[in-house]
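Peer 1: According to the numbering used here, the sequence shown holds residues 31 to 628 in order. Below is one structure. I have some questions about it.
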Amino acid sequence: MNDDRQASSLEIRPLRPAAERYDVAILGGGLAGLTLAIQLKSQRPDTTVAVLEKREGPAPLAAFKVGESTVPSGAHYFAEVVGMKEHLENDELIKNGLRFFLSADGNQDISKRVEFGGDRFPPHDNYQIDRGLFENELASRARALGVDLLQGCRVQDVEFGDDLHEVSFTQMEADVSTKARWVVDAAGRASLLKRKLGLAKDVGHTINSAWFRLAGGLDIEDWGRSNEEWMGKMSEPGIRKFSTNHLMGEGYWVWMIPLSTGPISIGVCADPRVHPFEEISELESMMEWLKRHEPQLAASVEPRLGDVEDFLRVQDFAYGAERVYSPDRWSLVGEAGAFADPFYSPGSDFIGYGNVFTGDLIQRDLDGEDISERLEFYNDFYFRTFDYVLERYEDQYPLFGNTWVANHKLFWDAYFNHTGNVILMVRNKLTDYEFMKSVEDDVDRLYRLSSRMQELFKQWHELEQRDEENPVVSGPGVRTLLAGLAGLVKPMDDAGLQEELRQQVAAGEAWAVAIFAKASEALDQGPDLQRAINPYAVSLRPERWEEDGLYEEPGLTAADAMEKALAVGPPAGMGPPGAAAGGPPGAGPPPSAGPPGS
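What follows is the structure, encoded as structure tokens:
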């Protein structure tokens with residue numbers, strides 16, 4: 031990082047007093063709050079906005095919060111909606127997709143592990159973000175647009191009124207208050223409004239995490255450099271380190287996120303039923319844990335413990351909420367609302383979804399529009415999307431050590447991480463109410479398909495556990511994934527987008543039946559695959575087939591499903607790029623767009 035950029039980022043400004051009233055008061059000046067403030071001022075410049083932030087001065091670089099790994103929805107929101115594309119391209123890191131390494135032979139050799147990831151940078155740009163650097167730039171942009179960024183503030187209470195809400199807070203030990211028509215909680219896990227209004231909701235997903243920054247970074251290819259074949263699988267040397275790299279094993283995964291300011295963020299997420307929290311809750315115990323489960327990583331970090339910049343942890347990180355948008359003119363955004371799991375990097379996606387919905391509601395309300403029907407639609411869509419994402423993680427950690435099932439799951443999830451709600455976000459359609467109503471059934475079908483398949487993966491893991499060096503994922507998986515990735519970048523109008531969603535549903539249905547046919551081989555007595563199979567009723571519980579309607583409409587025979595899925599594919603010129611890592615033998619490698627989430 032150059033000195034000019036650092037000096038600019040660390041500029042200290044005097045604390046600003048609050049005005050008597052605003053259109054919007056945002057509680058919290060982190061990633062969600064600052065991006066929402068910029069969005070509001072950019073889209074409706076007359077909107078008066080205050081951001082109340084407890085921190086005084088700038089965020090420290092590379093020693094602040096966990097680095098943010100963006101995927102298409104969140105990357106689109108930050109780059110295009112908030113207008114940070116130039117900063118992201120010049121000052122953060124463009125990311126080479128998500129990359130996964132499944133366990134093999136004690137994880138002593140990275141080149142022997144099943145690798146799932148693209149061999150080149152995806153066409154849809156995504157980013158690795160240093161939170162301190164990014165938030166300082168956001169703060170500067172927000173001020174330039176006329177946002178009142180009030181630092182040194184600690185919110186004491188919010189009193190809701192018919193026309194204006196009153197926010198009481200302290201600033202530099204002085205008692206202050208201001209009024210606003212809308213109050214938005216962007217205070218993260220402090221969840222100010224959620225606690226005040228009793229909106230907290232438990233979820234059935236209990237996972238712990240701990241992480242640290244390692245100054246100077248780390249190149250994962252150093253672990254396999256002696257294997258020329260493995261090194262040659264990339265389109266150019268050295269690009270694996272620009273991925274969000276995931277090291278996976280039974281009951282856990284480890285992230286490795288490079289940051290433009292130099293360090294690398296390294297973190298563990300672990301199911302306490304397999305790996306008790308105390309095994310990762312301190313740096314010393316985490317190092318011992320890494321020696322047992324990820325020895326190559328441990329060997330790289332141990333000689334450099336003096337380079338560890340910080341160590342943070344959180345226990346039982348997932349949670350929900352009863353409501354996030356209210357007709358009483360308040361909203362919860364970012365982690366003040368709900369949080370599922372960092373696997374597949376959905377955090378920035380939900381910042382984007384929440385802020386886009388919140389901003390649309392605020393602007394329409396300020397312009398005198400009745401937002402009641404739209405608000406309930408957004409609230410329902412948010413939670414259906416949250417449940418859809420959460421189901422990818424609940425009770426799934428144990429199968430992360432099963433290379434046979436996990437590789438099929440990664441392919442399936444990769445497709446669903448680029449379709450449905452994601453393509454709608456990237457195409458700026460989430461707040462096009464009439465369009466969203468027109469495609470609601472297709473989105474619902476995708477959500478129901480994914481939910482059914484997440485249950486099937488858990489059942490498959492219970493029945494069949496293999497440590498495969500090259501688990502074969504059938505051709506339909508590769509071709510369907512390619513088609514889903516292509517949808518993010520190919521030109522289309524509204525009619526084309528509606529047709530694209532219908533095709534995504536059809537491809538998902540065919541693929542679900544094809545996977546079911548493969549998984550059912552693990553049963554002592556399998557289904558009649560000559561009959562049409564209902565993709566919304568697939569399971570590996572034969573006693574449930576009749577009640578669930580396995581042979582009812584809609585349905586495809588396994589042969590028809592395979593033929594239909596194989597017919598799916600990307601536009602001309604977007605085929606597999608060549609020798610990529612982790613591709614299924616004989617079926618072609620993963621696509622240049624990079625699986626899952628890119």
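For glycine and all other residues, C-beta sits at the position ideal for the given N, C-alpha and C.
#1: Return the Cβ separation of Arg-270 and Glu-251 in integer angstroms, given the expectation that the two are a contact with Cβ distance under 8 angstroms.
#2: Look up Leu-460 in the DSSP assignment and say whether it is helix, strand or coil.
#3: Roughly how many whole angstroms lie between the Cα atoms of Tyr-581 and Trp-490?
#4: May I have the straight-line CA-CA distance separating Met-466 from Glu-259, to the nearest angstrom?
#5: What is the residue span of the beta strand (DSSP E) that Lys-209 lies within?
#6: How many angstroms separate the CA atom of Gly-514 from the CA atom of Ile-124?
#7: When DSSP builds the beta bridges, which residues end up paired with Leu-288?
#8: Going by the CB atoms, is the gap between Phe-131 and Asn-257 shorter than 9 angstroms?
#9: For Leu-66, name the three-state secondary structure that DSSP assigns.
#10: Cα separation between Pro-607 and Glu-593?
#11: Which term fits Ser-207, buried or exposed, when burial requires 16 or more other beta carbons within 10 angstroms of its beta carbon?
#12: Just to confirm before moving on: does the CB-CB distance between Thr-100 and Asn-137 stay below 9 angstroms?
#13: Check whether the Cβ of Leu-66 lies closer than 9 angstroms to any Cβ atom in chain C.
#14: Could you check which residue in Glu-312, Trp-253, His-235, Leu-289 has the C-alpha nearest to that of Tyr-349?
#15: In three-state terms, what does DSSP make of Leu-163?
#16: Which of the three DSSP states is assigned to Met-316 in this structure?
#17: Using CA coordinates, which residue listed in Trp-434, Met-286, Gly-556 is at the minimum distance from Arg-243?
#18: Could you check if Gly-268 is buried or exposed, using at least 16 other CB atoms within 10 Å of its CB as the buried criterion?
#19: Ignore the nearest five residues each way along the sequence and tell me which others in Ser-634's own chain have a CB closer than 6 angstroms to its CB.
#20: Should Asn-447 be labelled buried (16 or more other beta-carbon atoms within 10 Å of its own) or exposed?
#21: How would you label Glu-50, buried or exposed, when you count the other beta carbons within 10 angstroms and need 16 or more for buried?
#22: What are the start and end residues of each continuous alpha helix (DSSP H) run of 4 or more residues lying completely inside the segment 525-564, in chain order?
#23: What residues in its chain sit with their C-beta under 6 angstroms from that of Ala-591, if we drop five residues either side in the sequence?
#24: Taking the beta strand (DSSP E) that Ala-591 falls in, what are its first and last residues?
#25: Here's the rule I'm using: 16 or more other beta-carbon atoms within 10 Å means buried, otherwise exposed. How should Lys-231 be labelled?
#26: Specify, as a first and last residue, the run of the alpha helix (DSSP H) that Gly-382 falls within.
#27: Does the segment 168-186 come close enough to the segment 316-326 that 3 or more CB-CB pairs lie under 8 angstroms?
#28: Tell me where the beta strand (DSSP E) around Trp-253 begins and ends.
#29: Return the residue from the list Lys-520, Tyr-463, Ile-401 that minimises the CA-CA distance to Thr-449.
#30: Under 8 angstroms, with one C-beta from each stretch per pair, do the segment 72-83 and the segment 389-401 reach the 3-pair mark?
#31: Which residue from Phe-416, Arg-475, Ser-378 puts its Cα closest to that of Ser-103?
#32: Grab the span of the alpha helix (DSSP H) containing Glu-485 for me, first residue to last.
#33: Does DSSP put Thr-200 in a helix, a strand or coil?
#34: When you compare only the Cα positions, how much space is there between Gly-538 and Tyr-445?
#35: Using a Cβ-Cβ cut-off of 6 angstroms (strictly less than) and excluding sequence neighbours within five positions of Lys-209, which residues of its own chain qualify?
#36: Where does Thr-78 fall in DSSP's three states?
Peer 2: Judging by the given coordinates:
#1: Contact annotation, Arg-270 with Glu-251: C-beta distance approximately 5 angstroms; criterion of less than 8 angstroms satisfied.
#2: It is coil, neither helix nor strand.
#3: Distance between the alpha carbons of Tyr-581 and Trp-490 is about 20 angstroms.
#4: Those two C-alpha atoms are separated by around 47 angstroms.
#5: Counting along the chain, the beta strand (DSSP E) containing Lys-209 begins and ends at 204-215.
#6: Each residue's Cα considered, the two are about 21 angstroms apart.
#7: The displayed chain sequence assigns Pro, not Leu, to residue 288. Its beta-bridge partners are Ile-294.
#8: Their beta carbons are not under 9 angstroms apart, which means Asn-257 does not touch Phe-131 by this criterion.
#9: Assigned with DSSP and collapsed to three states, Leu-66 falls in helix.
#10: Note that Pro-607 has pLDDT 32, beneath the 50 cutoff, so the model's placement of it is unreliable and the number below is only indicative. So the alpha carbons of these two residues sit roughly 23 angstroms apart.
#11: By the beta-carbon neighbour count (other beta carbons within 10 angstroms, threshold 16), Ser-207 is exposed.
#12: No, these two residues do not count as a Cβ contact at 9 angstroms.
#13: Structure shown: chain C not included; a single protein chain is present.
#14: If you compare the alpha carbons of Glu-312, Trp-253, His-235, Leu-289 with that of Tyr-349, the shortest gap goes to His-235.
#15: Here Leu-163 sits in helix by DSSP.
#16: The answer is helix: DSSP assigns Met-316 an H, G or I state.
#17: Put simply, of Trp-434, Met-286, Gly-556 the residue whose alpha carbon is nearest the alpha carbon of Arg-243 is Met-286.
#18: Sixteen is the threshold: since fewer than 16 other Cβ atoms of the shown chains lie within 10 Å of the Cβ of Gly-268, the residue is exposed.
#19: One cannot answer for residue 634 here, as it falls past the ends of the chain, which runs 31 to 628.
#20: Answer is buried; the Cβ neighbour count reaches 16.
#21: Per the 10 Å Cβ criterion, exposed.
#22: Segments of the alpha helix (DSSP H) lying fully in the segment 525-564: there are none.
#23: Setting aside the 5 residues that flank it on each side, Ala-591 is surrounded in the same chain by Ala-540, Val-543, Ala-544, each with a C-beta closer than 6 angstroms to its C-beta; the list follows chain order.
#24: Counting along the chain, no beta strand (DSSP E) covers Ala-591; the unbroken alpha helix (DSSP H) around it starts and ends at 588-597.
#25: Around the beta carbon of Lys-231, fewer than 16 other beta carbons lie within 10 angstroms, which makes this residue exposed.
#26: 377-396 is the extent of the alpha helix (DSSP H) around Gly-382.
#27: Between the segment 316-326 and the segment 168-186, the count of Cβ pairs shorter than 8 angstroms is below three; the stretches do not touch.
#28: In the DSSP assignment, Trp-253 falls outside any beta strand (DSSP E) and carries neither an H nor an E.
#29: If we check each option's Cα against that of Thr-449, Lys-520 comes out closest.
#30: Touching, yes, given that three or more Cβ pairs across the two stretches are closer than 8 angstroms.
#31: Looking at the Cα atoms, Ser-378 is the closest of the given residues.
#32: Annotation for Glu-485: the continuous alpha helix (DSSP H) segment containing it runs 470-493.
#33: Correct three-state label for Thr-200: strand.
#34: Looking at the backbone, the Cα of Gly-538 and that of Tyr-445 are separated by about 8 angstroms.
#35: Setting aside the 5 residues that flank it on each side, Lys-209 is surrounded in the same chain by Arg-51, Leu-194, Glu-196, each with a C-beta closer than 6 angstroms to its C-beta; the list follows chain order.
#36: Secondary structure at Thr-78: coil, using DSSP grouped into helix, strand and coil.
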